[in-house]
């Protein structure tokens, strides 16, 4: 096989396809859309290989912004440039926005009903646990590095307990942590 | 004329967008600080309700932002808040994706990525902690938060089950 063909040719994906596939993806996820995005992009439509998806995801996680939105923008850009990025984003967000705002209007009408209020107290307690578990799962990946755990702990205390503004905490911790990673890069 | 509240809402979330390392959920403590503590747009209880609603609906976690915007300034507020939260970070992502093909293995990029990782972990754990302190008002609620966190961490189970059981426990008045 010709070595220039070793990286398989990119599929052609229209703006229309971007819109509708991301529309379906946005509708499918409860408690996180990313697993569904992976299934759509890699398994069902083969727009990306697994390795390409991993690379897009790692970049999406390291930049600010909702991870799934970053992935969507990058995929849209990859196939159809700026138009693709905008269309894919609109596809992802349109239906969830409509649904959640409808739910909010319905909820507002019934929020004085005691049972509804109690149910949502229970949902909120569980949902807090979901966010907590995301943090714990991420922390497990770095548990062998004392330096990383120390930085994570300091960030946690500054935001979670002292309740400092995020801008100050990031302004202090991010450069410090990047500097440490830079100095340790040879190891 | 654009109502001042919409401009104020936009300015808060435009800044938050560029601070949201680790995604929307990791930024919730600062969203809470701004909308509840600083601007008094929502009470603690309302913040909790919007968070719970966003988790009970399909779609990205960042939807909580549009619910907060809706609570502050109606449907227009919801749309403005969401677009403000997504636009700056999306534009940045667009340009970085454009440039990144060349810098994939650059030592500086690797150092930035490795350096940001523990910071985003701290943000995410802090987020869960702040949400727990904000949303839970009984021992039972704290217990359910911890049980949910442990279950999701240790087992492969769909999160919707735990939200549903939480709702049922709430209905029976155990929260």
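Chains as they are written, first to last, in the working numbering: chain A, 28 to 214; chain B, 4 to 178.
Backbone N, C-alpha and C fix where the C-beta goes; we use that ideal spot for every residue, glycine too.
Residue 169(A): first and last residue of the uninterrupted alpha helix (DSSP H) it sits in: Residue 169(A) -> no alpha helix (DSSP H), and no H or E assigned at all.
Cut-off 7 angstroms between Cβ atoms - residues of its own chain near residue 150(B), not counting five sequence neighbours on either side: none
Chain A within 9 angstroms of residue 46(B), Cβ atoms only: Interface with chain A (9 angstroms Cβ-Cβ cutoff): residue 46(B) is excluded.
Chain-ordered chain A contacts of residue 160(B) [CB-CB under 9 angstroms]: The contacting residues do not exist; residue 160(B) stays about 11 angstroms from chain A at best.
Residue 128(B) (DSSP reduced to helix, strand or coil): helix
Same chain, Cβ closer than 6 angstroms to residue 54(A), five either side skipped, listed in chain order: 122
Residues in the segment 108-120 of chain B having any Cβ partner in chain A nearer than 9 angstroms: 110, 111, 112, 113, 114, 115, 116, 117, 118, 119, 120
Own chain partners of residue 4(B) with C-beta closer than 7 angstroms, once the 5 adjacent residues on each side are dropped: none
Residue 93(A) at chain B interface by Cβ criterion, 9 angstroms: yes
Where the alpha helix (DSSP H) through residue 202(A) begins and ends: Run containing residue 202(A): 193-210, per the alpha helix (DSSP H) assignment.
Proximity of residue 272(A) and residue 51(B) at Cβ, strictly below 9 angstroms: The requested residue 272(A) does not occur in the structure, where chain A is confined to residues 28 to 214.
Short CB-CB distance (under 9 angstroms) between residue 41(A) and chain B: Not a single C-beta of chain B is nearer than 9 angstroms to the C-beta of residue 41(A).
Under 9 angstroms between C-beta atoms of residue 34(B) and residue 19(B): yes
Residue-level contact to chain A via CB, residue 173(B), 9 angstroms cutoff: yes
Neighbour list for residue 140(A) in chain B, Cβ cutoff strictly below 8 angstroms: Those within 8 angstroms of residue 140(A) in chain B number zero; the least Cβ separation is about 11 angstroms.
Integer Cβ distance of residue 156(B) from residue 164(A), believed to fall under 8 angstroms: 6 angstroms
Same chain, Cβ closer than 6 angstroms to residue 101(A), five either side skipped, listed in chain order: 83
Among 180(A), 156(A), 155(A), 154(A), the one whose alpha carbon lies nearest that of residue 166(A): 180(A)
Runs of alpha helix (DSSP H) lying entirely within the segment 50-124 of chain A, each at least 4 residues, in chain order: 61-65, 77-89
Whole-angstrom distance between residue 210(A) and residue 55(B), CA atom to CA atom: Those two C-alpha atoms are separated by around 42 angstroms.
Neighbour list for residue 192(A) in chain B, Cβ cutoff strictly below 8 angstroms: 33, 36
Chain B contacts made by the segment 120-137 of chain A, where a contact means CB separation under 8 angstroms: 120, 122, 123, 124, 126, 127, 128, 130, 131, 134
Run of the alpha helix (DSSP H) containing residue 33(B), from where it starts to where it stops: 31-35
Beta carbon proximity, residue 87(B) to chain A, threshold 9 angstroms: At a cut-off of 9 angstroms between beta-carbon atoms, residue 87(B) makes no contact with chain A.
Where the alpha helix (DSSP H) through residue 45(B) begins and ends: That residue, residue 45(B), is in no alpha helix (DSSP H); it is neither H nor E in DSSP.
Cβ pair count under 8 angstroms reaching 3, the segment 67-84 of chain B against the segment 71-90 of chain A: no
Short CB-CB distance (under 9 angstroms) between residue 13(B) and chain A: no
Spatial distance of residue 32(B) from residue 197(A) (CA atoms): 13 angstroms
Contact set between residue 86(A) and chain B, taken where Cβ atoms lie within less than 8 angstroms: 96, 99, 100, 103
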